[in-house]
Amino acid sequence: ITKYQESNARVNRAIAKAVTQCGCIKIKAKKQVVPSNTKLMEIHKFMDTHIEGSLCECFSYQYFTDPCR
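Going by the working numbering, the first residue of the sequence shown is number 25, and it counts up by one from there.
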């Protein structure tokens with residue numbers, strides 16, 4: 025595994041734990057509506073990340089070495 029893949033996996037695990045254990049982040053996925061006459065360069069205006077909230081202190085860099093939970 026490359027270092028990029030390893031760091032990406034760590035971020036994904038931290039986000040999954042923040043959603044399931046801590047609750048500081050919520051995922052609210054839904055179908056995104058884009059008007060049919062939208063140009064390709066304007067699509068980003070209609071896109072959402074589906075993520076609400078922000079990581080708390082438990083999920084900072086230190087989470088990987090010393091979690092507070």
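Every residue, glycine too, gets a C-beta built ideally from N, C-alpha and C.
Which runs of the beta strand (DSSP E) at least 3 residues long sit entirely within the segment 30 to 59? Give them in chain order. 49 to 51
K50 and E76 - do their beta-carbons sit closer together than 7 Å? yes
Candidates H68, D72, G47, of which the one nearest C80 by Cα: G47
Express the C-alpha separation of F70 and D90 in angstroms, rounding to a whole number. The predicted model places D90 with a pLDDT of 48, which falls under 50 and marks its position as unreliable; any figure quoted below should be read in that light. Their backbone Cα atoms lie some 39 Å apart in a straight line.
What residue does the beta strand (DSSP E) around E101 start on, and which one ends it? Given that the chain is displayed from residue 25 to residue 93, the structure contains no residue 101 and the question cannot be resolved.
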